[in-house]
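Input: a single structure, listed below in structure tokens.
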Amino acid sequence: LVDGSRKFKQLEEMDEALAFSRVHKGAIYLHQGESYHVANLDLQKGQATLMPARVDYYTQTRERSEIHIIRSLQHKQLKMTTVYWGAVRVTQQVVGYRRIRQFSEANLGETLLEMPVNTFETRALWWDVPLEWARYLGRRGWDFMGGLHAVEHATISLLPLFAMCDRWDIGGLSTPLHPDTEQPQVFIYDGHPGGVGITEQG
Numbered sequence: 001l002v003d004g005s006r007k008f009k010q011l012e013e014m015d016e017a018l019a020f021s022r023v024h025k026g027a028i029y030l031h032q033g034e035s036y037h038v039a040n041l042d043l044q045k046g047q048a049t050l051m052p053a054r055v056d057y058y059t060q061t062r063e064r065s066e067i068h069i070i071r072s073l074q075h076k077q078l079k080m081t082t083v084y085w086g087a088v089r090v091t092q093q094v095v096g097y098r099r100i101r102q103f104s105e106a107n108l109g110e111t112l113l114e115m116p117v118n119t120f121e122t123r124a125l126w127w128d129v130p131l132e133w134a135r136y137l138g139r140r141g142w143d144f145m146g147g148l149h150a151v152e153h154a155t156i157s158l159l160p161l162f163a164m165c166d167r168w169d170i171g172g173l174s175t176p177l178h179p180d181t182e183q184p185q186v187f188i189y190d191g192h193p194g195g196v197g198i199t200e201q202g
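Residue 170 in our numbering sits at position 170 of the sequence shown; the count goes up by one each step and never skips.
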């Protein structure tokens with residue numbers, strides 16, 4: 001990552017897989033408390049050009065993600081569910097981003113992107129969600145998928161307290177019917193190829 005206003009001085013480095021979602025063109029990126037606007041992401045050169053910016057919004061990517069379970073390496077039976085940890089294959093693609101106003105959280109508009117598909121093997125934590133919960137919540141008019149998604153985001157927020165990692169080091173996926181298990185599932189995965197032990201702590 002280079003600062004285009006200071007003769008392309010290097011600010012920091014990051015893994016290419018993270019670059020797709022954090023320094024795509026148009027993103028607002030925070031470096032040492034300062035906001036930068038990403039002017040360009042050159043994948044051939046492996047370089048993102050950032051410009052200092054005073055803005056009252058942040059950016060939030062929209063991604064398409066899939067997870068395929070390769071194998072479970074550990075599991076634990078709990079009262080209501082079984083929790084697994086193992087090897088997975090993650091396929092993700094950034095397809096756009098939103099500009100979100102600070103404090104009010106107002107959506108200021110969405111921009112479409114065509115970023116490369118990124119596939120890597122890593123380690124993940126996942127657990128079964130009983131199918132009857134979907135029916136139970138549905139009868140009451142509650143949003144089952146919204147609930148799964150909320151649990152996914154809550155777990156992503158909590159895990160750094162136990163694994164000493166950054167929130168951006170982990171990703172998640174929640175689905176009402178996963179093709180590998182044929183039931184609702186929540187996945188939390190290491191955002192680095194091969195895994196770095198984060199979800200094992202989880």
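Ideal Cβ positions, reconstructed from N, Cα and C, are used throughout, including at glycine.
The structure displayed is predicted, hence computed values, not measured ones.
Item to complete: Tell me, please, whether the CB atom of Lys9 is closer than 8 Å to any CB atom in chain D?
Response: In the structure shown, chain D does not exist; there is a single protein chain.
Worksheet item: Taking Cβ to Cβ, would you say Glu12 is nearer than 8 Å to Leu1?
Response: Within the sequence shown, the letter at position 12 stands for residue 12. Within the sequence shown, the letter at position 1 stands for residue 1. Yes, the pair counts as a contact, with Cβ atoms nearer than the cut-off.
Assumed close pair Ala87, Ile67 - CB separation to whole angstroms, cut-off 8 Å: For the purposes of this step, residue 87 is identified with residue 87 of the sequence shown, where counting begins at 1. For the purposes of this step, residue 67 is identified with residue 67 of the sequence shown, where counting begins at 1. At roughly 11 Å, the Cβ-Cβ gap does not stay under 8 Å, so Ala87 and Ile67 are not in contact.
- Query: How is Val23 classed by DSSP in three states: helix, strand or coil?
  - Reply: As a working mapping, residue 23 is identified with position 23 in the sequence shown. Coil at Val23, not helix or strand.
Query raised in the report: If you check the beta carbons only, do Ile156 and Gly146 fall under 8 Å apart?
Result: For the purposes of this step, residue 156 is identified with residue 156 of the sequence shown, where counting begins at 1. For the purposes of this step, residue 146 is identified with residue 146 of the sequence shown, where counting begins at 1. No.
- DSSP on Glu203, reduced to helix/strand/coil? Outside the displayed span of the chain (1 to 202) sits residue 203, for which this structure offers no information.
For this session: Could you work out which residue in Phe144, His192 and Ala27 is closest to Phe120 when comparing CA atoms only?
Result: One-based indexing of the sequence shown puts residue 120 at position 120. Checking every option, the nearest Cα to that of Phe120 belongs to His192.
Check each candidate in His31, Gly26, Tyr189 and Gly96 and name the one with the smallest Cα separation from Thr122.
-> Counting from 1 along the sequence shown, the entry for residue 122 is found at position 122. The shortest C-alpha separation from Thr122 is found at Tyr189.
Practice item. Grab me the residues of His149's own chain with a C-beta within less than 6 Å of its C-beta, minus the 5 sequence neighbours each way, in chain order. Key: For the purposes of this step, residue 149 is taken as residue 149 along the sequence shown, with counting starting at 1. Ser174.
Could you pull out every unbroken alpha helix (DSSP H) segment of at least 4 residues lying fully inside the stretch 32 to 60, listed in chain order?
none
Open item on the list: Could you give the first and the last residue of the continuous beta strand (DSSP E) run that contains Leu108?
Closed with: For the purposes of this step, residue 108 is taken as residue 108 along the sequence shown, with counting starting at 1. Unbroken beta strand (DSSP E) run through Leu108: Asn107 to Leu112.
ask   = What does Phe8 pair with, by DSSP beta-bridge criteria?
value = Locating residue 8 in the sequence shown gives position 8, where the first residue counts as 1. None; Phe8 has no bridge partner.
_By alpha-carbon positions, which one of Met14, Lys79, Leu43 and Phe20 ends up nearest to His31?_
Your numbering for residue 31 matches position 31 in the sequence shown. Comparing Cα positions, the closest option is Met14.
Would you identify the three-state DSSP class for Arg139, choosing helix, strand or coil?
Position 139 of the sequence shown, counted from the first residue, corresponds to residue 139. Arg139 falls in the helix class under three-state DSSP.
Original post:
Are there three or more Cβ pairs, one per stretch, closer than 8 Å when the stretch 87 to 99 is compared with the stretch 54 to 67?
Top reply: Taking 8 Å as the limit for Cβ pairs, the verdict is that the stretch 54 to 67 does touch the stretch 87 to 99.
Open item on the list: For Gln77, tell me which candidate among Trp126, Ala39, Thr111 and Trp133 has the shortest Cα-Cα distance.
Closed with: In the sequence shown, the residue the question calls residue 77 occupies position 77. Considering only alpha carbons, the answer is Trp126.
To the nearest angstrom, how far is it from the Cα of Tyr29 to the Cα of Glu132?
On the sequence shown, position 29 is the one that residue 29 refers to. On the sequence shown, position 132 is the one that residue 132 refers to. Approximately 42 Å between the Cα atoms of the pair.
Any idea if Tyr136 is buried or exposed, counting beta-carbon neighbours within 10 angstroms, 16 or more meaning buried?
On the sequence shown, position 136 is the one that residue 136 refers to. Of the other Cβ atoms in all chains shown, fewer than 16 fall within 10 Å of the Cβ of Tyr136; this residue is therefore exposed.
Point to revise | Enclosing beta strand (DSSP E) for Glu152 [first to last residue] | key: Within the sequence shown, numbered from 1, the residue matching residue 152 stands at position 152. Taken as a continuous stretch (DSSP letters only), Glu152 belongs to no beta strand (DSSP E), being part of the alpha helix (DSSP H) at Phe144 to Ala163.
- Among Arg101, Gly33, Asp128 and Asp166, which one has its Cα closest to the Cα of Ser72? As a working mapping, residue 72 is identified with position 72 in the sequence shown. Considering only alpha carbons, the answer is Asp128.
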